[in-house]
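Let me begin by presenting the structure, written as structure tokens, before commenting on it.
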Amino acid sequence: MPSLKIVPQYVFFVLATLILIVMACASRQMVQIQQMETDIIPKPMVMTTDPGSVHLTDSFSILCDTDDKELEGLSSTLYDWCKKFLDLELHLKSTKQASESKQAIRLTLQKMDPVLGKEGYQLDVTDNGVTLQANTGAGLFYGLQTLIQLFPATQTENGIQYEAVLPFVHITDKPRFSWRGMHLDVCRHFFPVSFIKRYIDLLAMHKMNTFHWHLTEDQGWRIEIKQYPRLTEIGAWRVDREHQNWSERTPPEPGEQATYGGFYTQDDIREVIKYARKRYITVVPEIEMPGHAVAALAAYPELSCTGGPFYVMPGGYWPITNIYCAGKDTVFKFLENVLEEVAALFPGEYIHIGGDEAFKDNWEKCSDCQARIKANGLKDEHELQSYFIKRIEEFLISKNKKLIGWDEILEGGLAPEATVMSWRGMDGGIIASKAGHDVVMSPTTHCYLDYYQSEDQEAEPVAIGGYLPLDSVYAFDPMPPELEPSRQHHILGAQCNVWTEYMPNGNHVEYMALPRLCALSEVVWSPREQRHYEDFLRRLSVHYKRLDALDVNYRNHETGKAAKPTPKTYYSE
Ligand code: ACM
Ligand code: ZN
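The numbers in the working numbering rise by one with no breaks, and the one at position 532 of the sequence shown is 556.
Spelled out as structure tokens, the structure:
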């Protein structure tokens, strides 16, 4: 009976095929889990995985101590994300009501784990549900950013879709540095509050904690100061030269109206600070002095050495020699009044006073400046700048604020408690930290996001110059190898700077900032030994889907193309 022989062979064949299919599915799931577990940016400090996953449904709850307002706020952050991206309405419940449920994401503040410190978290996804613990709200917030990145994102016909599934993982994570900063120049071009909030969202998603808001410049004063209304009536507006290259912009014609610009009211600023605080981001305002002050001098020319008149510059003509006079006491009174309002608005401990690129030609010729040098026994104009900054520092300390400035504040002697932001290389930061000062590293070699992203400049939108590819940002180590261990705690961290001469709108800022911001986030968050560029690039390709879900205009490092079309030049040639 031949059929009897065939049947067992047939059954064997079918069974073997089924087993292979099941194994293939299982291994695909494993691969997926494998990918999910390692695709987080910035890379966590320690992460282990177990086979298996949790599927979230709408019977899941977010559990926390709802009497704690901060925890309630964090729960609603997670609730909102799940509603928007998973289409799931989770239940917000108090731990007192439902402590035993397995179908839960538990958020707990423990306030005592020495490993996690001020910003770390512990995240566990197991058969028993999801547990997120930290000592602080900030730690929980960063844990939530990781949790969100564990949901797999896929490209579909309808755009990016997140799946409501989490791999079993155990993550213990905390940042390497306490200053994880991004700067934005809102003076060379003005950006509305809506974009500032979007920028803050991008920082938060990458666990950055400092937004350095560059608010005053030669080309625009962008913060309302109640005692000096002309700063924004005059200083916030310039003639429109948007059709000309930045470096060739022509001065105003006689009688021409100043129509390009804008500023933030104090209510706008409070709104931004509140928005940032909810995302555990400190906003550091920068009020430039003694240079980069032409917009202020256009409004109040009596604060200069020469008396003016001045106009708000539509572009850059170097060197820009008009700066605040260091010889007139009225200048210090003005700056103190401005800083008093700024200090009252911004709750963070730092105020950035600029200090860079102050051309001192006017000081050499000014009788008031020369009289100040003589009266105080100063050697030269560098020491006059040092006098200027020290006097401002004394005032800030009296307002319970700390002064931070660009590394030129070292010249002529550093103010006693100043923090240095080292941009002309690392040397300024090394000198300052050896002298016992705190430092933020932001050298042009690794941190200037206004530089080109490709050597092929023709293929890129016009930028200021330079070349800073993604791998150079990734290779950055803010800790100088020669710094002795006893001084290393002075290196607070690092930040990237976004100067916007050649970035006329938010779309363009996103193109220049991402994915270099992703690389920076790993530089300042992840342990040095966890960083591997090839591994980062692999995770970055997955991360792009998260950016796509937010409609971000990043530059794809694989294709060299913008996620959204970016004009090659924004001005017509
Ligand atoms: C700077 O880039 N001038 C600080
Ligand atoms: Zn002067």
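Here a beta-carbon is modelled for each residue, glycine too, at the ideal position from N, C-alpha and C.
Report the CB separation of residue i from residue j in whole angstroms; it is logged as a contact under 8 Å.
| i | j | result |
| --- | --- | --- |
| K425 | A368 | Not a contact, Cβ separation roughly 10 Å. |
| S446 | G452 | 4 Å |
| F201 | A518 | 7 Å |
| S99 | L131 | 6 Å |
| K307 | W237 | Note that residue 307 corresponds to Val in the displayed sequence, not to Lys. Yes, V307 and W237 are in contact; Cβ-Cβ is about 6 Å, under 8 Å. |
| T274 | R265 | 7 Å |
| S125 | S85 | 6 Å |
| Y616 | A586 | Since the first residue of the chain shown is 25 and the last is 597, residue 616 is not available in this structure. |
| P325 | I347 | Wrong, their Cβ atoms sit about 13 Å apart, outside the cutoff. |
| R570 | Q173 | 7 Å |
| V288 | R246 | The sequence shown places Tyr at residue 288, not Val. Right, the Cβ-Cβ distance comes to about 6 Å (below 8 Å), so this counts as a contact. |
| P467 | G489 | The pair is not a contact, with the Cβ atoms about 16 Å apart (cut-off 8 Å). |
| A439 | E417 | 4 Å |
| A621 | G259 | No answer is possible for residue 621: it lies beyond the span of the chain, which begins at 25 and ends at 597. |
Would you kindly work out how many angstroms separate the C-alpha atoms of residue i and residue j, rounded to a whole number?
| i | j | result |
| --- | --- | --- |
| E312 | L133 | 40 Å |
| E546 | P493 | 15 Å |
| L10 | A300 | Residue 10 lies beyond the range of the chain shown here (25 to 597); nothing can be said about it. |
| W270 | Y578 | 23 Å |
| V548 | E508 | 20 Å |
| Q154 | A128 | Correcting the residue identity first, residue 154 is Val in this sequence and not Gln. Going from the Cα of V154 to the Cα of A128 covers about 6 Å. |
| P309 | Q554 | 33 Å |
| Q636 | N521 | Outside the displayed span of the chain (25 to 597) sits residue 636, for which this structure offers no information. |
| T583 | N361 | 50 Å |
| G460 | L112 | 52 Å |
| T81 | A323 | 59 Å |
| I377 | G332 | 23 Å |
| A516 | V464 | Checking the displayed sequence, the identity of residue 516 turns out to be Leu instead of Ala. Whole-angstrom Cα-Cα distance: 6 Å. |
| S118 | T101 | 16 Å |
| C88 | N152 | 16 Å |
| Y374 | M503 | 21 Å |
| P66 | E248 | 36 Å |
| T63 | R204 | The sequence as given places Asp at residue 63; Thr does not occur at that position. Taking the straight line from one Cα to the other gives about 21 Å. |
| L363 | F370 | 10 Å |
| Q409 | K231 | 36 Å |
| T421 | I413 | With the sequence shown as reference, residue 421 is identified as Ile, and Thr is not the correct amino acid for it. Looking at the two C-alpha atoms, the distance is approximately 12 Å. |
| R171 | A537 | Inspection of the sequence shows that residue 171 is occupied by Leu rather than by Arg. Going from the Cα of L171 to the Cα of A537 covers about 24 Å. |
| D599 | F175 | Since the first and last residues shown for the chain are 25 and 597, residue 599 lies out of range. |
| E187 | T72 | 21 Å |
| E365 | D559 | 47 Å |
| Q290 | H470 | 34 Å |
| A177 | D380 | 44 Å |
| C397 | R562 | Before going further, note that residue 397 is Ile rather than Cys in the sequence given. Their backbone Cα atoms lie some 58 Å apart in a straight line. |
| C49 | F192 | With a pLDDT of only 42 at C49, under the threshold of 50, the placement of this residue in the model should not be trusted, and no figure is reported. |
| L114 | Y103 | 6 Å |
| E241 | G351 | 21 Å |
| L427 | R415 | 11 Å |
| T345 | E432 | 16 Å |
Give every residue of the same chain whose Cβ lies closer than 7 Å to the Cβ of residue i, excluding the five residues on either side of it in the sequence, and list them in chain order.
| i | result |
| --- | --- |
| C349 | L327, S328, C329, V355, C390, D392 and C393 |
| R262 | Q243, G244, A282, Y284, G285, V336, M337 and P338 |
| Y568 | Y578 and N580 |
| D462 | T443, H514 and L516 |
| D572 | I184 and A587 |
| G97 | K302 |
| N400 | Y411 |
| G372 | T306, V307 and V308 |
| L434 | V444, G452, I455 and A456 |
| E388 | E405 |
Between residue i and the rest of its own chain, which residues show a CB-CB distance below 6 Å, the 5 nearest in sequence each way excluded?
| i | result |
| --- | --- |
| Q59 | With a pLDDT of only 41 at Q59, under the threshold of 50, the placement of this residue in the model should not be trusted, and no figure is reported. |
| A543 | L494, V497 and Y498 |
| K588 | N577 |
| P276 | V263 and Y335 |
| K384 | E405 |
Please work out which residues of its chain come closer than 8 Å, Cβ to Cβ, to residue i, disregarding the five sequence neighbours upstream and downstream, and give them in chain order.
| i | result |
| --- | --- |
| M47 | Legend: pLDDT at M47 = 47, less than 50; position of this residue unreliable, value from coordinates given subsequently. Closer than 8 Å at Cβ, skipping near neighbours: no residue. |
| M136 | N159 |
| R540 | L473, Q477, L492, L494, V497 and C520 |
| L208 | F215, I220, Y223, F235, H236, W237, H238, V522, T524 and V533 |
| I297 | V307, L369, F370 and P371 |
Are the stretch 323-343 and the stretch 397-410 in contact at 8 Å, needing three or more beta carbon pairs?
-> no
The stretch 224-236 contacting the stretch 96-115, beta-carbon criterion three pairs below 8 Å | no
If we count Cβ pairs, one from each stretch, closer than 8 Å, do we get three or more for the stretch 186-203 versus the stretch 140-155?
-> yes
In chain order, which beta strand (DSSP E) runs of at least 3 residues are fully inside the stretch 471-532?
-> 489-491 and 515-520
Say whether the stretch 529-538 touches the stretch 205-222, bearing in mind that this needs 3 or more beta-carbon pairs closer than 8 Å, one atom from each stretch.
-> yes
Taking 8 Å as the threshold, find out whether the stretch 164-180 comes into contact with the stretch 463-481 through three or more Cβ pairs.
-> no
Which runs of the beta strand (DSSP E) spanning at least 3 residues fall entirely within the stretch 151-213, listed in chain order?
-> 153-158, 177-180, 183-186, 189-197 and 203-209
Unbroken stretches of the beta strand (DSSP E), 3 residues or longer, contained in the stretch 355-440 = 374-378 and 426-430
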